[in-house]
Ligand SMILES: Cc1ncc(C[n+]2csc(CCOP(=O)(O)OP(=O)(O)O)c2C)c(N)n1
Ligand SMILES: [Mg+2]
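Chains as they are written, first to last, in the numbering used here: chain A, 1 to 163; chain B, 1 to 586.
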């Protein structure tokens, strides 16, 4: 099953590679990974989307906690959470496709960031599945380039990951 | 007053009360070696290969419960240390390894003798630190010792670039460290401990399964008290020999791939299992589904939460320091007087004694050729189970574990997790330095010993009178056994056609060499060697080349489906490996 793990870790050189190394050494999946510093510059926050059975997810969480630089780990799936990912997608938009692309972007609440005679560059945010849906919805041959940030997640309501 | 980074390193080691640093110099650590020259608080042991330094620090640590310290130069010095570091990591040995690094401006430029030590060691250390500022050396060192020794212990690497050892700073050694991201558990959960005690009093066929964690947390007294108080059987892993006395009648002996029949049968058929600092690994329980096919309730005490529920689901997990948890458990048992039902226990013991009566370790004691088991047994008899014994990896290791009954913890020193050939001799050196008056034997094979034979020279220099017991079967014996069992006697590259004359070799290094070829000479030779208290004696025992280690649990079989020695074949479940037709086996 797909899980979203949120990790607080010391903002130190090498901490990121320890986390990534753990996943590859133990054969865990990484579907996506995002990381950046937090409001507290000594801490980074990472969101990892992974998948595996409950046992595997339990091991991943335990192994992450064992890393000296990892301060806290939560599995966002354990309760309500919101998840967002950003995608920039460059599509061919000429002739009749031009109007269609604009319409699709609107339906998915995308914003057109850059326009040329032949292309649109569209910004989309949402759950990763929504971005997948957009890619499914447009004609594949029109997609010139995509770049996605990977999901970031946060608990709903009072649930807070902080030290 | 400002002092150099190199001097700071030395001062840190002194503050930690380090007695021995095992190391080897080179360009990147010359400043540190110069600072060593000017001090006399700790002793430096110049090994002959960096792997030897790390194993020696490891043996020192295992036998003394102190931190092992090794010092190596950058590049090849650092890479030579890797096998030693990984060995310590898999057996959770507290160790600090200091490696030199190229100067900070040169890092990343493929400089002479540059390797990314922090990157290379990441998967085989508990933690590692690259020091980038002379003012950080003291805190990095303090952190390293703290992390290495607390929680589940392990090796920590501190990588120090040469310019940092030259730079100067004030020295302040922190009195303590607190890391917000690192808080190892100590006390177990009282509710869980209570549940475990209740479970024990309901048990019909209880068993205590002792692992290396019991040794590492110095819980030998607690384990012994628990076993004695409850009157229950106990078994220990390869890593736990001696945590509970090997000669105690309640000890069923080692379990696992080459465990004793009675121990493996008990492990399979118990109904309540108390796992103490053990981790149900593949060499112990073999196939988890088969192990669990005989229903049992499991209590698992371990300091590392990730060891719990990794290979088997348990009913009562207790995360905490083994020693502290057992103290609480014992207090509760004393207070409540809860004990397993005596009648059930008596029935269980009847079954256990029946299993034991087959004497699975019986071997041909009247053979004309020296049986390796006989050598170990004789060593046990003449040392009374009190010697420190290191070993290498192979059949000799298993025979050492089976036939030497360790009465005390920290006396059996072997590479259990990584299975590193070449560990035995340098480890013995470290053991001897930590225990100068003790008898230290290194039980090895003619192949393993050659992997770090150069350390005979170090032994000479530092007067470590190790007794090397070479069980010489001319074969990579354990490999040969697998080839006999699983590969139709195709002995691919497991025979050594050429071997050195070990007697002459020992003599060339300045030691005493002996060659023993007849069973009748085994005991007199061992006694003579023991008399040479001040000398390293290399004893080359020419042993039976065809001997196999029994019992044996094949990779894909359950614990109770052992391959049994010839005199027990009537109890065999399923065919013996070598009589079966094998496809590919991992
Ligand atoms: C460094 C290393 N290389 C290879 C192995 C695989 N291996 C395990 S046991 C063994 C044979 C050991 O031979 P020897 O030391 O003579 O011991 P014996 O089994 O004959 O008692 C080998 C090659 C290992 N454990 N370690
Ligand atoms: Mg051999």
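For every residue, glycine included, the Cβ atom is placed at its ideal position computed from N, Cα and C. Computed from a predicted model, the values in this text were never measured in an experiment.
If residue i and residue j are in contact, beta carbons under 8 Å, what's the gap, nearest whole angstrom?
i: residue 345 (chain B); j: residue 232 (chain B); result: 7 Å
i: residue 64 (chain B); j: residue 438 (chain B); result: Not quite, the Cβ-Cβ distance comes to about 11 Å (not below 8 Å), so this is no contact.
i: residue 103 (chain B); j: residue 161 (chain B); result: 5 Å
i: residue 426 (chain B); j: residue 47 (chain B); result: 7 Å
i: residue 211 (chain B); j: residue 279 (chain B); result: 6 Å
i: residue 184 (chain B); j: residue 150 (chain B); result: 5 Å
i: residue 82 (chain B); j: residue 153 (chain B); result: About 19 Å separates the two Cβ atoms, so there is no contact after all.
i: residue 146 (chain B); j: residue 118 (chain B); result: That belief does not hold up - the Cβ atoms of residue 146 (chain B) and residue 118 (chain B) are roughly 18 Å apart, past 8 Å.
i: residue 8 (chain A); j: residue 15 (chain A); result: Not confirmed; about 11 Å, so no contact.
i: residue 8 (chain B); j: residue 36 (chain B); result: Actually they are not in contact, since the Cβ atoms of residue 8 (chain B) and residue 36 (chain B) sit about 13 Å apart, beyond 8 Å.
i: residue 294 (chain B); j: residue 269 (chain B); result: 6 Å
Taking just the CA atoms, how far does residue j sit from residue i?
i: residue 52 (chain B); j: residue 315 (chain B); result: 42 Å
i: residue 352 (chain B); j: residue 249 (chain B); result: 11 Å
i: residue 160 (chain A); j: residue 44 (chain A); result: 15 Å
i: residue 153 (chain A); j: residue 456 (chain B); result: 59 Å
i: residue 91 (chain A); j: residue 119 (chain A); result: 6 Å
i: residue 72 (chain A); j: residue 46 (chain A); result: 10 Å
i: residue 95 (chain A); j: residue 156 (chain A); result: 44 Å
i: residue 59 (chain A); j: residue 23 (chain A); result: 11 Å
i: residue 449 (chain B); j: residue 14 (chain B); result: 33 Å
i: residue 298 (chain B); j: residue 106 (chain B); result: 54 Å
i: residue 57 (chain B); j: residue 321 (chain B); result: 24 Å
i: residue 372 (chain B); j: residue 538 (chain B); result: 16 Å
i: residue 61 (chain B); j: residue 311 (chain B); result: 29 Å
i: residue 355 (chain B); j: residue 256 (chain B); result: 16 Å
i: residue 59 (chain B); j: residue 540 (chain B); result: 23 Å
Just tell me which of the options has its CA closest to the CA of residue i.
i: residue 554 (chain B); options: B:308, B:247, B:486 and B:351; result: B:486
i: residue 546 (chain B); options: B:560, B:475, B:514 and B:500; result: B:475
i: residue 125 (chain A); options: A:31, A:135, A:57 and A:53; result: A:135
i: residue 542 (chain B); options: B:370, B:224 and B:342; result: B:370
i: residue 111 (chain A); options: A:96, A:143 and A:122; result: A:122
i: residue 219 (chain B); options: B:162, B:325, B:187 and B:146; result: B:325
i: residue 5 (chain A); options: A:108, A:51, A:128 and A:67; result: A:51
i: residue 2 (chain B); options: B:171, B:256 and B:116; result: B:171
i: residue 288 (chain B); options: B:15, B:559, B:13 and B:5; result: B:559
i: residue 391 (chain B); options: B:463, B:470, B:363 and B:330; result: B:470
i: residue 319 (chain B); options: B:203, B:429 and B:189; result: B:189
i: residue 500 (chain B); options: B:488, B:513, B:409 and B:557; result: B:513
i: residue 410 (chain B); options: B:199, B:292 and B:387; result: B:387
i: residue 99 (chain B); options: B:187, B:27 and B:39; result: B:27
Near residue i, which residues of its chain fall below 7 Å by C-beta distance, leaving aside the five closest residues on each side in sequence?
i: residue 378 (chain B); result: 522, 523 and 526
i: residue 624 (chain B); result: Nothing in the structure corresponds to residue 624 (chain B), since chain B is present only between 1 and 586.
i: residue 43 (chain B); result: 19 and 20
i: residue 581 (chain B); result: With a pLDDT of only 47 at residue 581 (chain B), under 50, the local geometry of the prediction cannot be trusted, and the value read off the model is given with reservation. Closer than 7 Å at Cβ, skipping near neighbours: no residue.
i: residue 201 (chain B); result: 338, 339 and 340
i: residue 562 (chain B); result: 261, 264, 551, 552 and 553
i: residue 364 (chain B); result: 371
Grab me the residues of residue i's own chain with a C-beta within less than 6 Å of its C-beta, minus the 5 sequence neighbours each way, in chain order.
i: residue 129 (chain B); result: 140 and 158
i: residue 91 (chain B); result: 416 and 417
i: residue 32 (chain A); result: 49, 150 and 151
i: residue 67 (chain A); result: 18
i: residue 398 (chain B); result: 258 and 549
i: residue 164 (chain B); result: 5, 131 and 134
i: residue 245 (chain B); result: 407
i: residue 495 (chain B); result: 475
Can you check DSSP and say which residues form a bridge with residue i?
i: residue 467 (chain B); result: B:441 and B:537
i: residue 495 (chain B); result: B:475
i: residue 76 (chain B); result: None; residue 76 (chain B) has no bridge partner.
i: residue 317 (chain B); result: B:300
i: residue 362 (chain B); result: In the DSSP output, where bridge partners are listed per residue, residue 362 (chain B) has none listed.
i: residue 114 (chain A); result: A:121
For residue i, which residues in the same chain have their Cβ closer than 8 Å to its Cβ, ignoring the five residues on either side in sequence?
i: residue 584 (chain B); result: Bear in mind that a pLDDT of 40 at residue 584 (chain B), under 50, signals an unreliable position, so the model cannot answer this.
i: residue 85 (chain B); result: 54, 95, 97, 121, 124, 125, 155 and 157
i: residue 586 (chain B); result: With a pLDDT of 36 at residue 586 (chain B), under the threshold of 50, the modelled position of that residue is not reliable, and no figure is offered here.
i: residue 383 (chain B); result: 439, 441 and 530
i: residue 360 (chain B); result: 260, 261, 262, 550, 551, 564, 565 and 568
i: residue 454 (chain B); result: 48, 49 and 52
i: residue 144 (chain A); result: 90, 91, 92 and 119
Name, please, each residue of chain E whose Cβ falls closer than 8 Å to the Cβ of residue i.
i: residue 179 (chain B); result: Reference to chain E is not applicable here, since the protein chains of this structure are A and B.
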